[in-house]
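Contents: one structure, followed by commentary.
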Amino acid sequence: MPLFGALDVAGALSGAPTMTSLTPDAWSLPGMELLQVSFEVAEEAALALTPPACHPSIPPYATFTVASFPTSPRGPFTLAMVRLIVRAGIRPRGLLLGSFTDNPAVAEELEANWGYRIRTADVSFSRRYELIRGSVTINGTPALDVGVRDPEPISGSDLELFDNLHLTHLADNDPVIVQVDPTYTHHRSDRGRPELATYDAALLGTIGLDPTYPVVGVATTADMELTAPRFLMDPETPAIKGTRRLDTV
Amino acid sequence: MKFGIFFELSVPRPFAANERTVYENALEQTRLADELGFDQVWAVEHHFLEEYSHCSAPELFLTACAMQTANIRVGHGIVTCVPGFNHPIRIAERAAVLDILSGGRLEMGTGRSATWTELGGFQANPDDTKKSWDEFIHALPKMWTQERYAHEGQFFSMPSRAVLPKPVQAPHPPMWVAVSSPGTEDDAADRGMGCLGVNFTTFAEQERKVRSYRRRIQHCDPVGEFVNDQLNTVNFLFCHDDSETGVDTGRRMIGQFQYMAGQLDMAKEVYPTRAYQSAGLLAGARQRASSPGDLKEPPEGIAIGNPDQIVRELKKWEATGVDRVQFLLNAAETIPQHEVLASLRLFASEVMPHFTDDSAAEASRQAAIADTVPPTATAAGGA
Chain A
-12 MPLFGALDVA GALSGAPTMT SLTPDAWSLP GMELLQVSFE VAEEAALALT
38 PPACHPSIPP YATFTVASFP TSPRGPFTLA MVRLIVRAGI RPRGLLLGSF
88 TDNPAVAEEL EANWGYRIRT ADVSFSRRYE LIRGSVTING TPALDVGVRD
138 PEPISGSDLE LFDNLHLTHL ADNDPVIVQV DPTYTHHRSD RGRPELATYD
188 AALLGTIGLD PTYPVVGVAT TADMELTAPR FLMDPETPAI KGTRRLDTV
Chain B
106 MKFGIFFELS VPRPFAANER TVYENALEQT RLADELGFDQ VWAVEHHFLE
156 EYSHCSAPEL FLTACAMQTA NIRVGHGIVT CVPGFNHPIR IAERAAVLDI
206 LSGGRLEMGT GRSATWTELG GFQANPDDTK KSWDEFIHAL PKMWTQERYA
256 HEGQFFSMPS RAVLPKPVQA PHPPMWVAVS SPGTEDDAAD RGMGCLGVNF
306 TTFAEQERKV RSYRRRIQHC DPVGEFVNDQ LNTVNFLFCH DDSETGVDTG
356 RRMIGQFQYM AGQLDMAKEV YPTRAYQSAG LLAGARQRAS SPGDLKEPPE
406 GIAIGNPDQI VRELKKWEAT GVDRVQFLLN AAETIPQHEV LASLRLFASE
456 VMPHFTDDSA AEASRQAAIA DTVPPTATAA GGA
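The listed protein sequences correspond, in order, to chains A and B. Quick note: the first sequence uses our numbering, first residue -12, plus one each step. Quick note: the second sequence uses our numbering, first residue 106, plus one each step.
Listed below in structure tokens is the structure:
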């Protein structure tokens, strides 16, 4: 049997958001731009960050994502995410370790309806021919600076962005992992060399996550549909046994 | 139709305590398979795939198989034709030695790896693996058959040298390519190579592949000195007198195998590239799973159950036109060794006799190529 995660779920839940709705209206987010860089990470720390419901991937790796949304029900916003790629059963998923947005109203909605562990910060996204770049600055201090160097077009159908897993509470205080699985219609996608110029784990709240080896950088311009969550998992039970469809809860 | 066994050599934790047992059990299964009349034993080449496959030096394992058996053919399923993993000179040398030591029983499978786990580990460029595979497989037969060989290419170059020793089989061992991505069966056909199916597919998909392969290979430009026009597919095997026991035990093995495979970082998922259009052997498993934690139902045509059930399923495979079926016998020692051996014995006594007449397979083959010209060359090398 593959290794199971060794996360201290109770400890990790302190400060986790509480979802007040399980049936939010979907958000249509046309024309979003996203970059994502992947780095392999140190194995032992990855195991310690993975809930017992999940397995670490072999080898473990993390994704650093920065996206810009020109429009949303709460106005334009930027979003940055740090995710550890794990396995829920046999399926690859991005376990959200922390996220940031420049729009407080969006933060409130994403937290209450989709269980994002999210803070407000200065999040920027820029695209130049030689570099697609994203950054997070927290209280004036640079916390994350990532880029996709020398991007070259690829097919959007080749892109795997993976659904999110969010460790959160429900309104009755039940700890859960909620799966957030947006859909994308890609208009333009690129691949390039991943760059990680700044990574401050303490500021980002991702202590233990230690990038060790670059994998790939990707970017896409797409229409994104942030749909209502469909699956809940018990953080302490293997996903193959502890996953429920939300419409049967 | 011919039958063989296929090893991933998956090892349950703790590895140090179990690796030797897995290897010894596999060798015992191979010896029995040889005695029972199985035709081939295949071993993968995988690196770093914790639990799923600890078969990183298949040339050594297959040599041990050859030394302990008399008739069974030994197959590389496959050798990774990617710089960093293997230099083509070393591939040719090791294969020739294995062919000599086995008395001319080598089947030479080739491929390119499908996981980021492996490609990243060797710092290989996923974009280039098809190209390096192509360069390597065109060179290998020449290294074996020419007294001296020189090469200038994209992935390796060498001045004129005698690559030694030469294989026993004349002109050289049969060449195969592992097929997991859609379209690779056409690559195999175009190059006159055997089609070594390594993922678990449906009858309909297999029939489509067989027809495409049979048509194209009639017009191939073979990489070697002869055409190997054989189609090989992989399956699971657990045969038991009691149907329920056979199916339940077989399902447990399949579930374990799929679960281990699901933990690997497949190239397509990690590193977007046109060179990897499917998730290899995981494609089917993940498509059929209906929820995040779901394991899918076993695919159709799996050889588990009692002998009658297995005969029925294998007859369907035969009707698709495949020439050979290789069986995975266990996964991370899910099934006790004595039950695996009993399953092999029961299969040999109750199932194999139903497949001694090749006329059905030949009829399927002829049907598949009915709209093409007659074959101009056939497999050689005693396969």
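Ideal Cβ placement from N, Cα and C applies to all residues, glycine included.
CA-to-CA, the gap between Lys271 of chain B and Leu419 of chain B works out to about 37 Å. When secondary structure is reduced to three states using DSSP, Cys344 of chain B falls in the strand class.
Only residues of its own chain outside the window of five on either side were considered, and among them Pro246, Trp249, Thr250, Gly329, Glu330, Phe331 and Ala485 have a CB closer than 8 Å to the CB of Pro276 of chain B, listed in chain order. Excluding its 5 nearest sequence neighbours in each direction, Asp177 of chain A has C-beta neighbours in its own chain below 8 Å: Ile119, Val135, Pro138, Glu139, Pro140, Ile141, Val205, Ala206 and Thr207, listed in chain order. The Cβ neighbour count for Asn130 of chain B, taken over all protein chains shown within 10 Å, is at least 16; the residue is labelled buried. Residue range Phe120 to Leu141 is occupied by the alpha helix (DSSP H) that includes Asn123 of chain B, with no beta strand (DSSP E) assigned at that position. What Met358 of chain B touches in chain A, judged by beta-carbon distance under 7 Å, is nothing: the nearest beta carbon there is about 14 Å away. Against chain A, the CB of Gly288 of chain B has no partner CB under 8 Å away; the residue lies outside that interface. For the stretch 189 to 218 of chain B, the continuous beta strand (DSSP E) assignments of 3+ residues that do not extend past its boundaries occur at 211 to 216, in sequence order. Comparing C-alpha distances from Asn151 of chain A to each of A:Leu131, A:Asp159 and A:Arg80 shows the shortest one belongs to A:Arg80. The C-beta of Pro441 of chain B comes no closer than 8 Å to any C-beta of chain A.
Pairing Thr128 of chain A with Leu66 of chain A gives a Cβ-Cβ distance that is not under 8 Å. Remark: C-beta atoms of Pro57 of chain A and Gly102 of chain A do not approach each other more closely than 8 Å.
With distances taken between CA atoms, Asn411 of chain B lies nearest to B:Gly351 out of B:Gly351, B:Ala372, B:Gln368 and B:Leu434. A residue is called buried when at least 16 other Cβ atoms come within 10 angstroms of its Cβ; Gly142 of chain B does not meet this threshold and is exposed. Thr338 of chain B and Met263 of chain B have their C-alpha atoms some 36 Å from each other. In the DSSP assignment, Tyr186 of chain A falls outside any alpha helix (DSSP H) and lies within the beta strand (DSSP E) extending over Thr170 to Tyr186. When the alpha-carbon of Asp12 of chain A is set against those of A:Ala75, A:Thr214, A:Asp234 and A:Lys228, the nearest one is in A:Thr214.
Going by beta carbons, Pro163 of chain B and Val146 of chain B fall outside the 8 Å limit.
Assignment of Gln323 of chain B by DSSP, reduced to helix, strand and coil, places it in the coil class. A contact is defined here as three or more CB-CB pairs under 8 Å, and the stretch 32 to 51 of chain A meets this definition with respect to the stretch 221 to 234 of chain A.
For chain B, the residues of the stretch 8 to 25 of chain A that bring a beta carbon within less than 8 Å of one of its beta carbons are Ser25, in chain order. In this structure, the beta-carbon distance from Ser44 of chain A to Val69 of chain A does not fall below 8 Å.
Listed as beta-bridge partners of Phe432 of chain B by DSSP are B:Ile110 and B:Asn340.
Between the alpha carbons of Asn100 of chain A and Met6 of chain A lies a gap of roughly 6 Å. Within the same chain, Cβ atoms closer than 6 Å to the Cβ of Ala108 of chain A are found at Phe87, Val123 and Ile125, the five residues on either side in sequence being excluded. Here DSSP, grouped into helix, strand and coil, assigns Leu269 of chain B to coil.
Per the DSSP secondary-structure output, Asp210 of chain A pairs in a beta bridge with A:Thr172.
With contacts defined as CB atoms closer than 8 Å, Glu223 of chain B and His159 of chain B fail to qualify as a contacting pair. From the listed residues A:Ala33, A:Arg61 and A:Pro181, the smallest Cα separation to Asp(-5) of chain A is found for A:Ala33. If you ignore the 5 residues before and after Phe343 of chain B, its C-beta comes within less than 7 Å of the C-beta of Gly351, Thr354, Gly355, Met358, Ile409, Ile440 and Ser448, all in its own chain and listed in chain order.
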